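Below is one structure, written out as structure tokens, with a few remarks after it.
Protein chains in written order, with this note's numbering: chain D, 1 to 412; chain C, 1001 to 1412.
Structure, rendered in structure tokens:
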């Protein structure tokens, strides 16, 4: 028996890597004053049907429960956010700066960087229309990746402006229903041959291809870049109007983050969606909003492929997970006093392990090494003294058992 | 639109309480040398059918996916553990000491302390038959609750011995098929009238009721208690053979943890299940095992009802979640230098917030107070100096902006 296709078992090493990613996400989001929330992993299927996006409903894990309800495993967080914010926003000071770390599900063909479940960090600012909040959000996205030791040589934020395109299409007299089509063609243009894009763009091929090939900018994009410049983050960003994001609901600044080498799928993506909360929640509250999501799968690939980020992860996991003390029970008649000391060390917060049953001393030291213990504390003939061996340096000292905690505290 | 019945939204306060519970679980489990792992929330329904327990399959959230697979949201972790351990145990040194924190699902009638989803800590020791591991596991369960500030006056571990009953029933010549029935009658006896239990016990009513009413013990139980005595934990435990645990797969020491007042459902429960891994995994590996699960719902109720535990939680959440610095932008022309300093403070790990748009100074101080900021740093006329106000003491100092980080470091 195996896990279902597209689902992961997290053995201790994988689980430690997953938790490391969560920890950095949490730590950096909090530095930005974001507070954590979460919703259920199972929601009414209607919540996802409402949001224009047939593709998402096609890819849902959905079913009818024993109470005849149509339910679905959440494919994304935004509909839940809109539901929760519409119900509770009156109790919170605006803008809300909320983040969430959770698991999401899509039934889709498996490929590199795409499973049927993944974890995602979602960061959203609700109730703030100013461009200052777009800068704050992009800066957070950059600092999240910097938190993993990734640098401007490892990733790039490609930042764009939906409104630039809306205005361009209006100026060209493009009909409303054609506008979303054009945006989808632009969204696909990097993955399709030029000729095909040209054909699909038809009457707009000339001016649109010119913009895509020569680049363009807008006042809003220039302001965002100036804001990031102030924070010393401009080198992480590239204005690139080829980014439009596929989804229909974006209204302003949008961005996607890629590895510099361009080998992987997007690491993160998001933007401003000023009308969505009202739309999804049937609420009268007009809440301008912006946010992004960052998944664990592509990010994990980039970390593992980038030496300095991989080393930082390995070191963090080691510090966080290693046993600090291994109690070597050299004489079985010392087991009882050893257990008293083990309890005292654990009560003081040390991570302590020991042999549950009698074992030869060299084997116990071997186990201590395998567990990566910092110290071995030997309970044997010297009792009421114990030998404390620093397994890093090999240095060994004899310590009164009453002084053991104080001694470890110094070595900590 | 609301969350589905039996499912929770975690607004920031609830999410902080949830994360606090996870953090204490993780911290204490690691002190005991347990390492974290996890499995998928969706598994093949067969994995749960295999394990004798029609009740569990009746309560599954299960469905057929788009690939015609019968799948289910996990109701418990043990079948996944058996699957993963059977596949990977050769790569790990025995005994495995593994823990996991995750969400589980049951479609059942809602009542106090029972939702349709909950989080559970699972702790298991695999590959160790000695009673020393039973003591280690019970000690961990006790210290997990002590980690929340709960004391021997708040909870009790009722510890029992399945083998005591097996031996008793063998000695009385009870047939194999009747044995599990008798255990289930004993399991229910505390919740049923004595007369009903007596009737159901039939030929065994005399001796069994005598044991239930007068108590009993076994060598194994006495050894467990002695082991806990050594660790100073005996006061948390009560030998109580009325506990047998409903599930068929337990083979040895079993226990359940209750609030002392006896008002709530069980906080945790578990025991030894020496045959289950082989049975569930069709593996030849004979892996004695023991473990327990602790849910977040009843534990959360007990914490909130117990003043000292509630206070500890509130304090931990405050320390962990509060903004440390609120940047007051007293003059808009200082916004740019303020943002440079905000970036520097965040880079140094401080949690910093500020007004995204122009706001009156008293309103900014009000926001700083509401966010629970430790310090307000005022960017205004005094630039390149800033005013640093300790919002706890009200004390204000003027600091050179170049010295701001050093100054905060001292106050930290």
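Here a beta-carbon is modelled for each residue, glycine too, at the ideal position from N, C-alpha and C.
None of these values were measured; they are calculated from a predicted model.
Asked	Found
Residue 367 of chain D: first and last residue of the uninterrupted alpha helix (DSSP H) it sits in	361–370
Within 9 Å of chain C by C-beta, residues of the region 361–380 of chain D in sequence order	367, 370, 371
Rounded distance between the beta-carbons of residue 1325 of chain C and residue 977 of chain C, thought under 8 Å	Outside the shown range of chain C, which is 1001 to 1412, sits residue 977 of chain C, and nothing can be said about it.
Of the listed residues D:186, D:211, D:213, nearest to residue 424 of chain D (C-alpha basis)	Since the first residue shown for chain D is 1 and the last is 412, residue 424 of chain D is missing from the structure and cannot be characterised.
Straight-line gap, residue 1384 of chain C to residue 323 of chain D (C-alpha atoms, nearest Å)	47 Å
Residues of its chain near residue 387 of chain D, where Cβ-Cβ distance is below 6 Å and the 5 sequence neighbours each way are ignored	378, 396, 398
4 or more residues per run - each alpha helix (DSSP H) lying fully within the region 1120–1164 of chain C	1131–1146
Enclosing alpha helix (DSSP H) for residue 109 of chain D [first to last residue]	Taken as a continuous stretch (DSSP letters only), residue 109 of chain D belongs to no alpha helix (DSSP H), as it is neither H nor E.
is_contact[residue 1356 of chain C, chain D] using C-beta, thresh 8 Å	yes
Inter-residue Cα distance where the pair is residue 1164 of chain C and residue 45 of chain D	50 Å
Nearest candidate by alpha-carbon position, reference residue 215 of chain D, set D:116, D:241, D:207	D:241
Alpha carbon of residue 400 of chain D to alpha carbon of residue 382 of chain D, nearest angstrom	9 Å
Closest residue to residue 1030 of chain C among C:1143, C:1270, C:1076 (Cα-Cα distance)	C:1143
Of the listed residues C:1280, C:1279, C:1285, C:1247, nearest to residue 1271 of chain C (C-alpha basis)	C:1247
Whether residue 231 of chain D touches residue 1343 of chain C by CB criterion (8 Å)	yes
Those runs of the alpha helix (DSSP H) which lie wholly inside the region 302–348 of chain D and span at least 4 residues	307–321, 335–347
Local conformation of residue 26 of chain D per DSSP, three classes	helix
Chain-ordered chain D contacts of residue 1429 of chain C [CB-CB under 7 Å]	No answer is possible for residue 1429 of chain C: the residues shown for chain C start at 1001 and end at 1412.
Own chain residues within Cβ distance below 6 Å of residue 1028 of chain C, not counting five before or after	1143, 1144, 1147
Residue 37 of chain D vs residue 1012 of chain C beta-carbon contact at 8 Å	yes
Unbroken alpha helix (DSSP H) run spanning residue 187 of chain D, endpoints	176–188
Any chain D beta carbon closer than 8 Å to residue 1405 of chain C	no
Which listed residue (C:1150, C:1108, C:1229, C:1367) has its alpha carbon closest to that of residue 1260 of chain C	C:1150
Interface partners of residue 1088 of chain C on chain D, CB under 7 Å	11
Residue 238 of chain D: first and last residue of the uninterrupted beta strand (DSSP E) it sits in	237–239
Test: residue 1020 of chain C CB closer than 8 Å to a CB of chain D	no
Residue 1245 of chain C classed as buried or exposed, judged by whether at least 16 other C-beta atoms fall within 10 angstroms	buried
Where the alpha helix (DSSP H) containing residue 381 of chain D begins and where it ends	Element bounds for residue 381 of chain D: n/a, residue is neither H nor E.
Which listed residue (D:95, D:105, D:361) has its alpha carbon closest to that of residue 331 of chain D	D:361
First through last residue of the beta strand (DSSP E) which encompasses residue 1259 of chain C	1253–1259
For residue 1398 of chain C, the residue or residues it bridges with in DSSP	C:1387
Partner residues on chain C for residue 32 of chain D, Cβ-Cβ distance less than 9 Å	1346, 1351, 1352, 1353
Inter-residue spacing [alpha-carbon to alpha-carbon] between residue 1340 of chain C and residue 1402 of chain C	11 Å
Contacts that residue 1069 of chain C makes with chain D (C-beta to C-beta distance below 8 Å)	4
Cβ-based burial, residue 180 of chain D [other Cβ within 10 Å; buried from 16]	exposed
Own chain residues within Cβ distance below 6 Å of residue 3 of chain D, not counting five before or after	9
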